[in-house]
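Note that the protein sequences, when read in sequence, are chains L and D. Here the first sequence is numbered in UniProt numbering, starting from 1 and rising by one per residue. Here the second sequence is numbered in UniProt numbering, starting from 1 and rising by one per residue. We put the beta carbon where it would ideally sit given N, CA and C, even for glycine. On a predicted model such as this, the values are computed, not experimentally measured, just so you know. One structure is given here, and the rest of the page talks about it.
2 protein chains.
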Amino acid sequence: MKIDPNSTADLSAQIAKAIRDAIVSGALIVDARLPSEAELAEQFEVSRPTVREALKRLAAQSLIRTQRGAFGGAFVNRLSYEEAYGQQITTSTLLLSMNSVGFETACEARFALERACAPLSAERRSADHLATMRAEIHRQSQPGLTDEAFCASDVAFHRALVDGACNPVLSYQLAGAVEAMQPLMNMITFTARSRDAIVELHTGIADAVEAHDGPRAVAGLASLEAHTQDLARTVITARARSHDG
Amino acid sequence: MKIDPNSTADLSAQIAKAIRDAIVSGALIVDARLPSEAELAEQFEVSRPTVREALKRLAAQSLIRTQRGAFGGAFVNRLSYEEAYGQQITTSTLLLSMNSVGFETACEARFALERACAPLSAERRSADHLATMRAEIHRQSQPGLTDEAFCASDVAFHRALVDGACNPVLSYQLAGAVEAMQPLMNMITFTARSRDAIVELHTGIADAVEAHDGPRAVAGLASLEAHTQDLARTVITARARSHDG
DNA sequence: CCAACCTTAATGTCAGACCTTTAAATGTCT
DNA sequence: AGACATTTAAAGGTCTGACATTAAGGTTGG
């Protein structure tokens, strides 16, 4: 683990990279303890604040955790699915909001990925997954729900569908695609009629999953995508007209 | 932007969270300049090193960039696809390697997602995407290629396939799934015969994409998944036997 | 034998200083 | 007047040294 003093990059960035590489390559295994900050400072020939900045960078990526007190220190962190979900969602959300990704593009990606899960979910879903889907459908059909609550329930429904595939890697990948769409979906005002249509489509998907009918679930998702795209187009058109006037 | 002095969490973590929330919520827009480190220290009533640690956390997530010199400072960063890819790949790779995700699970997720892209890619791929796929196939059929180079070419082939869908969000999501598999694939020793089989399957997929035949591309990917799973099972069985003996 | 205390090794935080970079402002020459 | 060189100030990057806080482990007294 050495650094290049001639590089233009920050020392803390270089040190973080050196340690990160050691972790990713497997040289530092899970729960291994790094040298203390003072020792790292000596090894890299920098001061302790610089080492600390490097460690904070790694902590931000959940690569390490720190513990105070005697026999404390920085330890290589086992990246949990929870943490990975969180990072995935944050990154995806920012990517969508900052790069003016069109609703159409994001929506297409989301449903394409979700359709990939549907056959697996239809095959393997537990009664629990199905119950969650039904519960969310019920919530969505209640009157007086705010648009945001409706969207949140929509996300919960789709997460249950994805989780039904019983593949944590798939759930992780989809978390970003589904959750990051929520801010975009929140721009849509759902009329009572469009809510009814969505609830109906959700019900069809849940029925298909219950019947272990993968193809029908895929078809249901395709219909839902078409409906969602229609809805968005309507909202965008209306907004454009009001701007013109 | 206020912090809770009674919290058990690090001050730098709290400050990072406060600023991150401001960015994600849109209160701080792209290219907005944060107050200087000294000003932030005053606002949050902490010292400059603490502020710096918070800023490094954000820099690690590519949420901000810093610039030295007069009129420099920390600016909200537009998250580029490149940076997002990188983070996605790092996180996915660690998630797979640290949680002893089975090859089977990861492989299933990867191909499920990739099949979701195939129809779109068959529809929209440019001549360039197709040329990349053909070039990688050619590289894969050359003798004397190391297993690692073969795997790298395999990844390049699949990325071209995914990019063919012309949906950057999809490419971003798939980057993690495809690249993170590489370390797992590297555990497999490819015999000449299995390489031939893979090249043949790749050729079939490329042919389907060239013919704008989505369903055939999906079928090709399914065959490739089955073959890859077979290969892995063989390797794992052989390894288990040698451990017993 | 167990509980309260102390020691100690870490991280967390602070204050102040100095170095380096950078762009804007100023000055000078043609 | 305009182009080029110089100065300057603002801001991040780094260092030093110190103190506060925490928690594990040993020690001591009941």
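Listed by chain order, chain D residues near Glu53/L by CB distance under 7 Å: Arg52, Glu53 and Lys56
Excluding the five sequence neighbours on either side, which residues of its own chain have a C-beta within less than 6 Å of the C-beta of Gly164/D, listed in chain order? Listed in chain order, the non-local C-beta contacts of Gly164/D below 6 Å within the same chain comprise Ser121, Arg125 and His129, local neighbours out to five positions each way being set aside.
Pick from Arg78/D, Ala70/D and Ser12/D: whose alpha carbon is nearest that of Arg48/D? Ser12/D
Taking C-beta pairs closer than 7 Å, name the residues in chain D that Gly176/L reaches, listed in chain order. Gln173
Who are Val76/D's beta bridge partners in DSSP? Ile64/D
In three-state DSSP terms, what is Arg33/D? Under the three-state reduction of DSSP, Arg33/D is assigned to strand.
Can you tell which of Leu63/D, Ser100/D and Gln67/D has the C-alpha that lies nearest to the C-alpha of Tyr81/L? Ser100/D
Note down, in chain order, every chain D residue with its Cβ under 7 Å from the Cβ of Met98/L. Val30, Arg78 and Leu79
Residue environment, Thr50/L, which counts as buried when at least 16 other CB atoms sit within 10 Å: buried
Met187/L classed as buried or exposed, judged by whether at least 16 other C-beta atoms fall within 10 angstroms: Around the C-beta of Met187/L, fewer than 16 other C-beta atoms lie within 10 Å, and the residue is accordingly described as exposed.
Arg57/L by DSSP, collapsed to three states: which one? helix
Ala116/L and Ala116/D look like a contact to me (Cβ under 8 Å); what is the Cβ gap, rounded to whole Å? 4 Å
Residues of the region 111 to 130 of chain L with Cβ closer than 7 Å to any Cβ of chain D, in chain order: Ala112, Leu113, Arg115, Ala116, Cys117 and Leu120
Distance between Leu113/L and Asp21/D (C-alpha atoms, nearest Å): 28 Å
Going by DSSP in three states, residue 258/L sits in which element: helix, strand or coil? Because chain L is modelled from 1 through 245, residue 258/L falls outside the range shown and cannot be assessed.
Nearest to Met185/D by alpha carbon, out of His202/D, Phe157/D and Ala152/D? Ala152/D
Closer than 9 Å, CB to CB, is Pro49/D near chain L or not? yes
What number of angstroms, rounded off, separates the C-alpha of Ile23/L from the C-alpha of Met98/D? 10 Å
Just to make sure I have the definition right: I need the residues of chain D whose C-beta is within less than 7 Å of the C-beta of Asn167/L. Which are they? Correct list: Thr105, Glu108 and Ala109.
Pairs of beta-carbons, one from the region 78 to 97 of chain L and one from the region 130 to 137 of chain L, closer than 8 Å: are there three or more? no
Range of the contiguous alpha helix (DSSP H) that encloses Ile205/D: Ala192 to Glu210
Select from Pro35/D, Val76/D and Ala180/D the residue whose C-alpha is nearest the C-alpha of residue 251/L. An answer regarding residue 251/L cannot be provided, because it is not within the stretch 1 to 245 covered by chain L.
Between Val169/L and Leu95/D, is the Cβ-Cβ spacing less than 9 Å? yes
Three-way DSSP call (helix, strand, coil) for Gly220/D in this model: Gly220/D: helix per DSSP, three-state reduction.
Rounded to a whole number of angstroms, what is the C-alpha to C-alpha distance between Ile236/L and Ala226/L? 15 Å
For Val101/L, three-class secondary structure by DSSP: coil
Pairwise C-alpha distance: Arg78/L and Leu63/L: 8 Å
Over what stretch of residues does the alpha helix (DSSP H) that includes Phe157/L continue unbroken? Asp147 to Asp163
If you reduce the DSSP assignment to three classes, tell me which class Leu95/L lands in. Reduced to three states, the DSSP call for Leu95/L is helix.
I want to verify the contact list: residues of chain L whose CB lies under 8 Å from the CB of Val101/D, in sequence order. Pro168 and Val169
In terms of residue numbering, what span does the alpha helix (DSSP H) encompassing Glu179/L cover? Pro168 to Glu179
Just how far apart, CA to CA, sit Pro119/D and Arg216/D? 9 Å
Chain D residues whose Cβ lies nearer than 7 Å to that of Ser12/L: Lys56
Give the residues of chain L in contact with Leu184/D, contact being defined as C-beta atoms less than 8 Å apart. In chain order: nothing, as chain L lies at least about 11 Å away.
Listing by chain order, which chain L residues have their CB less than 8 Å from the CB of Thr93/D? What Thr93/D touches in chain L: Val24.
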